[in-house]
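Chemist:
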Amino acid sequence: MKVITISAEALTTGQIARWAALQAETKEFGSPLVGPYFAQLIQRHRGDVHVAIAEQDGRDVAFFAFHKASHGYARPVGAPFSDYQAVVSEPGLELDGTAFLAEAGIERMAVSGLMDPHGLFAQAALEPTLGYRISVKDGGAAKLERLRQANPKWAKNLRRLANKMDRELGPIRFVTGDTSPTALEAVLSLKVEQYHESGLTDVLRPNWVKAMMQDLFTRTDPNFGGCLITLYAGDYMVSGQFGVRQGGWFHPWIASSCPKAHPYSPGIVFLGQMIRYAEDIGIETIDLAQGHSHYKAQFSRNPVTVQTGQVGRRAIPASAVKSGPIGMIQKRLDLIASVEPDLAGRLHAGWTAVTSAPRRLMARGKAQQTDRVSTDD
């Protein structure tokens, strides 16, 4: 077996087709974030995407896209928008994942949602976490009925929230595949305001991210492109989500809601409506990724297990990674380094992180009191 590393812009039509075919062979690889089109998207707007390809008996058998850093360190392609990582490979392939990465020059890489259905990596140094996905292959109405049967009280409250919004703010209107540039700008602007108020790093600030979002928005091909979905109450946009889709798999990145609508739990109402109407634009899987399990678990009753930690010959075991304030600082610095490719951007983001610390502390305290929106009441 031979491993080569090329730039994403050097991928041939045949390699792209082969990569996509390997995705289709294993359902866990269906996420747009681990395929060739996402790697090409990031290459167009960031320009430092490398692809490791394993070749065996004259055919390509594994693909992995990444960003090179220094001293053998690498980052997942498109970080921090890469909620999942995977070496997309043939089923049954005998491949040591760590050795494969080493051949590509990767000695260590942090992963936040490693999908490894073929067991290429040793799990001992990693920690499992849950990825929340909603399957609507049988239709939204059928999915909502299954959720109702599993938790009638929760389903009743979901209807109550939607009815309250409809009654007090205006008739609910759900737009799948919203093509309004104004709506996209509203969703992104609300998210930027949320970052500012909470003191979190504004990952939408870098020019490459802005260009990527606009590029995706103009690509309406369901095989790969952007997808904007919005919820209105009357003429009032209360919530929206924007992300990337590949075929029937939708992975929303940016979820935002108007603060004035928070008493109506717009995010909860939005998810209920999205389940109901996603099939209208051919969506079969809604991928909510990791985190915020207190509300995602209500909609995704069968989450998938993915791995978090580090991979590579010089990987630090998850059990040895620092926690507490030091660990939080390290994670923030890594986030800044991943989203800001140049020194000027990193200095700006670093200074902003320092000056926004009081807002983060206030937001964290407030979140402990109000973040959990119970839908069982």
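Each residue of the sequence shown is one higher than the one before, counting from 224 in the working numbering. From the three backbone atoms N, C-alpha and C, an ideal C-beta is built for every residue, glycine too.
1. So tyrosine 307 is in the alpha helix (DSSP H); what residue range does that whole segment cover?
2. Any heavy atom of the ligand HEM within a distance shorter than 8 Å of the CB on leucine 558?
3. Given that a residue counts as buried once 16 or more other Cβ atoms are within 10 Å of its Cβ, and exposed if not, what is methionine 338?
4. DSSP puts aspartate 283 in a beta bridge; with which residues?
5. Using the Cα positions of proline 299 and glutamine 308, report the straight-line distance between them to the nearest angstrom.
6. Going by Cα to Cα distance, which pick from Arg331, Leu264 and Phe261 is closest to serine 293?
7. Once the 5 residues before and after leucine 407 are set aside, which same chain residues still bring their CB inside 6 Å of it?
8. Can you tell me whether leucine 370 is buried or exposed? The criterion is at least 16 other CB atoms within 10 Å of its CB, across all chains shown.
9. Out of Asn374, Thr453, Lys387 and Val562, point me to the one whose CA is closest to serine 523's CA.
10. Just checking, does the stretch 319-327 make contact with the stretch 361-368 on the three C-beta pairs under 8 Å criterion?
11. Using only the alpha-carbon positions, how far apart do glycine 550 and aspartate 280 sit?
12. Can you tell me whether threonine 490 is buried or exposed, with buried defined as 16 or more other CB within 10 angstroms of its CB?
13. Check this for me: beta carbons of valine 284 and serine 312, under 9 Å apart or not?
14. I'd like the list of long-range same chain contacts for aspartate 510, defined as Cβ closer than 6 Å, with 5 residues on each side in sequence excluded.
15. Locate the alpha helix (DSSP H) running through arginine 371, then write down its first and last residues.
16. Are the beta-carbon atoms of leucine 392 and tyrosine 459 separated by less than 9 Å?
17. Could you check how far apart the C-beta atoms of proline 340 and glutamate 248 are, in whole angstroms? I think they sit under 8 Å.
18. Tell me which residues share the same chain as lysine 360 and place their Cβ nearer than 7 Å to its Cβ, disregarding the 5 neighbours each side in the sequence.
19. Grab me the residues of tyrosine 418's own chain with a C-beta within less than 8 Å of its C-beta, minus the 5 sequence neighbours each way, in chain order.
20. Please return the same chain residues whose Cβ sits closer than 7 Å to the Cβ of serine 579, not counting the five positions on each side in sequence.
21. For aspartate 401, count neighbouring Cβ atoms within 10 angstroms of its own Cβ and tell me buried if that reaches 16, exposed if not.
22. Secondary structure at glycine 354, three-state DSSP: helix, strand or coil?
23. Going by the beta-carbon positions, is the gap between tryptophan 472 and phenylalanine 304 smaller than 9 Å?
24. Can you give the beta carbon distance from glutamine 469 to asparagine 446, rounded, assuming they're within the 8 Å contact cut?
Modeler: Put simply:
1. Here residue 307 corresponds to residue number 84 of the sequence shown, with the count starting at 1. Per DSSP, tyrosine 307 belongs to no alpha helix (DSSP H) and is neither H nor E.
2. No copy of the ligand HEM occurs in the structure displayed, which carries no ligand at all.
3. Sequence index remark: in the sequence shown, residue 338 carries index 115 (1-based). Buried, by the Cβ-count rule.
4. In the sequence shown, the residue the question calls residue 283 occupies position 60. Glu278.
5. As a working mapping, residue 299 is identified with position 76 in the sequence shown. As a working mapping, residue 308 is identified with position 85 in the sequence shown. Looking at the two C-alpha atoms, the distance is approximately 7 Å.
6. Here residue 293 is taken as the residue at index 70 of the sequence shown, counted from 1. Per the Cα distances, Arg331.
7. Locating residue 407 in the sequence shown gives position 184, where the first residue counts as 1. If we look at leucine 407 and ignore the five residues flanking it on each side, its Cβ neighbours are Phe440 and Leu451.
8. Taking the first residue of the sequence shown as 1, we reach residue 370 at position 147. With 16 or more other Cβ atoms within 10 Å, it is buried.
9. For the purposes of this step, residue 523 is taken as residue 300 along the sequence shown, with counting starting at 1. When each option's Cα is compared against that of serine 523, the closest is Asn374.
10. no
11. For the purposes of this step, residue 550 is identified with residue 327 of the sequence shown, where counting begins at 1. For the purposes of this step, residue 280 is identified with residue 57 of the sequence shown, where counting begins at 1. If I take the Cα positions, the gap works out to 44 Å.
12. Mapped onto the sequence shown, residue 490 falls at position 267. It should be noted that the sequence gives glycine, not threonine, for residue 490. Its Cβ being crowded by 16 or more others within 10 Å, glycine 490 is buried.
13. Looking up residue 284 in the sequence shown gives position 61. Looking up residue 312 in the sequence shown gives position 89. Yes, the pair counts as a contact, with Cβ atoms nearer than the cut-off.
14. In the sequence shown, counting from the first residue as 1, residue 510 sits at position 287. If we look at aspartate 510 and ignore the five residues flanking it on each side, its Cβ neighbours are Arg356 and His474.
15. Locating residue 371 in the sequence shown gives position 148, where the first residue counts as 1. 363-373 is the span of the alpha helix (DSSP H), which, as asked, contains arginine 371.
16. Walking along the sequence shown from the start, residue 392 turns up at place 169. Walking along the sequence shown from the start, residue 459 turns up at place 236. Yes. Within cutoff.
17. Within the sequence shown, residue 340 is the residue found at index 117, counting from 1. Within the sequence shown, residue 248 is the residue found at index 25, counting from 1. Actually they are not in contact, since the Cβ atoms of proline 340 and glutamate 248 sit about 11 Å apart, beyond 8 Å.
18. On the sequence shown, position 137 is the one that residue 360 refers to. If we look at lysine 360 and ignore the five residues flanking it on each side, its Cβ neighbours are Glu507.
19. The residue labelled residue 418 in the question sits at position 195 within the sequence shown. Excluding positions up to five away in sequence, the list reads Thr424, Asp425, Val426 and Leu427.
20. By one-based count along the sequence shown, residue 579 stands at place 356. Contacts found: Gly422.
21. Counting from 1 along the sequence shown, the entry for residue 401 is found at position 178. Looking at its Cβ environment, which holds 16 or more other Cβ atoms inside 10 Å, aspartate 401 is buried.
22. By 1-based counting over the sequence shown, the position of residue 354 is 131. Three-state result, glycine 354: strand.
23. Sequence index remark: in the sequence shown, residue 472 carries index 249 (1-based). Sequence index remark: in the sequence shown, residue 304 carries index 81 (1-based). Their beta carbons are not under 9 Å apart, which means tryptophan 472 does not touch phenylalanine 304 by this criterion.
24. Along the sequence shown, one-based indexing puts residue 469 at 246. Along the sequence shown, one-based indexing puts residue 446 at 223. Confirmed, Cβ separation roughly 7 Å.
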